[in-house]
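Student:
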Amino acid sequence: MAVGDYGYHYLNGKEIASDPDQLQIVLPNSRENDLGITSYIYSYKERPILEVIGGDKSDQFTGDTADIKGGRGGDIFLSAGTGFDETYSRANILKGQGGADIFYDTYGSTDYYGGTQGDFFTNARLLTNADEGDADRAFMGRGADQAEITFGDTSGPDGQHWEDRSLHLDGGKGQDRLFLNTDQVGLQLTSDKVLDFREVNSGTMTIANSSFTDFESFTLNIGARSVTKMHGARLDDSLIWLDTGKNRDQDLTIYGHNGDDFIVGSYENEDDFIFGGRGDDIITGAGGQGRGWTDHLFGGAGNDMIFSSGIGVLGAGSIEATGGRGADLFVVSHGQALEYFTRIKDFKQGTDTIGLDFTGSYVLNSDDPRALVESLSDTNVVVEKDDAEALRFTVEHVTAYDTVETDEFSYLHNSGVLRFYNGSGWEKVAVIEGAPDLSLEDFAFFDWG
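According to the working numbering, the sequence shown is numbered sequentially starting from 35.
See the structure below:
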């Protein structure tokens, strides 16, 4: 429905009045009103509409105006910018009020107010604008809100500029989560080479001309070569390092702190040090992609899953894994180079488990990798030998190509070495310090089946 033209309009047989002096439009009950309206597209040829007020149901707003109030329903707001109106290129104020609202921001300087329930804010991709510097502010309000921000610049000479745009995002009350994608922008850090999200729980953090306040958990995709240390917030975080394609000559340290964290380290850094902290964490490292570096993974307190290779990375470098307190799962992949393996520092027999991964750690692409870690049936695992010298067994598993293969493993009781037979000889997969007397019950297996 287009509003703002002169005269009368007809929609589903209903008459709607509009005149050149109209400054406010009220849209009663929206999706379920007697007009049968499902969404509102508003614009004006020569002057702005100053205020649009939605009804109690679910509204959808697209276009340019000065002030939009969504009403009590779950509303969708699209700040469209220059694509919808040649004269007025931005919406100044968007207010969700009640309901679970969705805000989409593109161009234009806009203030967003989320309201009382769990709202979602996204900017799709914040790009620099050569014509004007946009400055957006979002106040999420009460409720468990989510915000997704993607930094990017395709017009700068090196793809790393962010001079023309800024954003202030306030999570407000409630347990809020912030999603940040920063792989295409140079970061402006609050302290040298340290990215600390603990600041956002009680204060303000600044990244690339943008500030973030009062968020309790984070999902971060980062690819900045300048960062050497990263701290998660006090709740559940996802901290994912996006490698830049260039080798780094420095170490990377990541702290998950409290909460059930999901942390993916780098395979291009030298030595990664990853600390899950308290909570049931999922962490992974790749050991420098076979360059002779070593990643150090620490689960901390809680029932942690420690993956000893990166997402989809076979032939990873050396890993040292320490589970800490709790029942931990150490997941190792076979088929690596002979000189690279996983060293498990504190395996607790009867409490911890060693997982043999036949997926190449692609399981980590899942939203819930724990759900995919399941023991194969007993008929697929056959013990060939079990004596004082070694435990030797074969595992029949499903590959990514839906074929069935059988692999053979051997655990040496006197040295704690777990080996894989590659067809021409034995290669080392892991070393369990202390050389515990392992049995088949200490292992778990998962594949593509």
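Glycine is no exception: its CB is placed at the ideal position from the N, C-alpha and C atoms.
Model, not experiment: these values are computed from the prediction.
#1: Pick helix, strand or coil for Asp421, following the three-state DSSP scheme.
#2: Is the beta carbon of Glu467 less than 8 Å from the beta carbon of Lys379?
#3: Identify, in the order they occur along the chain, each residue of the same chain with its Cβ nearer than 6 Å to the Cβ of Asp305, setting aside the five sequence neighbours on each side.
#4: With 16 as the cutoff for other CB atoms within 10 Å, does Thr385 come out buried or exposed?
#5: What span of residues does the beta strand (DSSP E) with Trp460 cover, start to end?
#6: On the premise that Asp338 lies in contact with Val366, defined as a C-beta separation below 8 Å, what is that separation, rounded to the nearest angstrom?
#7: With Val451 and Val465 assumed to form a contact (beta carbons below 8 Å), what rounded beta-carbon distance in angstroms separates them?
#8: So for Leu390, helix, strand or coil by DSSP?
#9: Run through DSSP, which three-state label would Leu446 get?
#10: Can you name, in chain order, every residue of its own chain whose Cβ lies under 8 Å from the Cβ of Arg312, other than the five neighbours on each side?
#11: With Thr356 and Phe332 assumed to form a contact (beta carbons below 8 Å), what rounded beta-carbon distance in angstroms separates them?
#12: Enumerate in chain order the residues of its own chain whose CB-to-CB distance from Phe511 is below 8 Å, with the five nearest sequence positions on each side excluded.
#13: Note down the Cα distance separating Ala469 from Asn448, rounded to an integer number of angstroms.
#14: Output needed for Phe307: all residues of its chain with C-beta closer than 6 Å, excluding positions within five of it in sequence on either side, in chain order.
#15: Of the residues Tyr435, Ser458, Phe477 and Ala434, which one's Cα is nearest the Cα of Leu425?
#16: Looking at Leu474 and Phe427, is the spacing between their C-beta atoms short of 8 Å?
#17: Who pairs with Arg426 in a beta bridge, going by DSSP?
#18: May I ask which residues mark the beginning and end of the beta strand (DSSP E) holding Thr376?
#19: Going by DSSP in three states, Asp306 sits in which element: helix, strand or coil?
#20: Just to confirm, is the Cβ distance from Phe479 to Val429 under 8 Å?
#21: Kindly give me the distance between the Cβ atoms of Tyr445 and Leu472, rounded to whole angstroms, as I take these residues to be in contact under 8 Å.
#22: From the DSSP secondary-structure annotation, give me the bridge partner or partners of Tyr503.
#23: My output table needs one value for Leu472: the three-state DSSP class, helix, strand or coil.
#24: Excluding five sequence neighbours on each side, which residues of the same chain lie with their C-beta closer than 6 Å to the C-beta of Ala361?
#25: At the level of alpha carbons, what is the spacing between Ser458 and Lys263?
#26: Quick one: using the 10 Å Cβ neighbour count with 16 as the cut-off for buried, is Asp421 buried or exposed?
#27: Once the 5 residues before and after Arg359 are set aside, which same chain residues still bring their CB inside 6 Å of it?
#28: Excluding sequence positions up to five away, which residues of its chain have a Cβ less than 6 Å from the Cβ of Met419?
#29: When you compare only the Cα positions, how much space is there between Gly299 and Ser352?
#30: Mapping the DSSP letters down to three states, classify Tyr146 as helix, strand or coil.
#31: Would you please verify whether the beta carbon of Ile308 is less than 8 Å from any beta carbon of chain D?
#32: Is it buried or exposed for Tyr289, if we count other Cβ within 10 angstroms and need 16 for buried?
Tutor: Looking at the coordinates:
#1: Residue state, collapsed to three classes: coil.
#2: Yes, these two residues count as a Cβ contact at 8 Å.
#3: Asp285, Trp327 and Thr328
#4: Under this definition Thr385 is an exposed residue.
#5: Trp460 to Ile466
#6: Not quite, the Cβ-Cβ distance comes to about 15 Å (not below 8 Å), so this is no contact.
#7: 6 Å
#8: strand
#9: strand
#10: His291, Asn292, Gly293, Gly334, Ala335 and Gly336, listed in sequence order.
#11: Indeed they touch by this definition, with Cβ atoms about 5 Å apart.
#12: This structure gives no information on residue 511, because the portion of the chain shown stretches from 35 to 483.
#13: 6 Å
#14: Excluding residues up to 5 positions away in sequence, Thr287 and His330 lie with their Cβ nearer than 6 Å to the Cβ of Phe307 in the same chain.
#15: Phe477
#16: yes
#17: Lys419 and Ser444
#18: Per DSSP, the unbroken beta strand (DSSP E) holding Thr376 starts and ends at Thr376 to Ile378.
#19: Looking at Asp306 - three-state DSSP - the assignment turns out to be strand.
#20: yes
#21: 5 Å
#22: Limits of the chain in this structure are 35 at one end and 483 at the other, which puts residue 503 out of reach.
#23: Look at Leu472 here: in three-state DSSP terms it is coil, with no helix or strand label.
#24: Asn337 and Thr385
#25: 42 Å
#26: So Asp421 ends up on the exposed side.
#27: Cβ neighbours of Arg359 beyond the five flanking positions: Ala335.
#28: One point to set straight first is that residue 419 is Lys, not Met, in the sequence displayed. For Lys419, where only same-chain residues beyond five positions count, the Cβ hits under 6 Å are Arg426.
#29: In this structure, the alpha-carbon of Gly299 lies about 13 Å from that of Ser352.
#30: Note on Tyr146: pLDDT 48, under 50, position unreliable in the model; the coordinate value appears next. Note: Tyr146 maps to strand in three-state DSSP.
#31: Judged by its chain identifiers, the structure shown contains no chain D, having just a single protein chain.
#32: Buried, since its Cβ has 16 or more Cβ neighbours within 10 Å.
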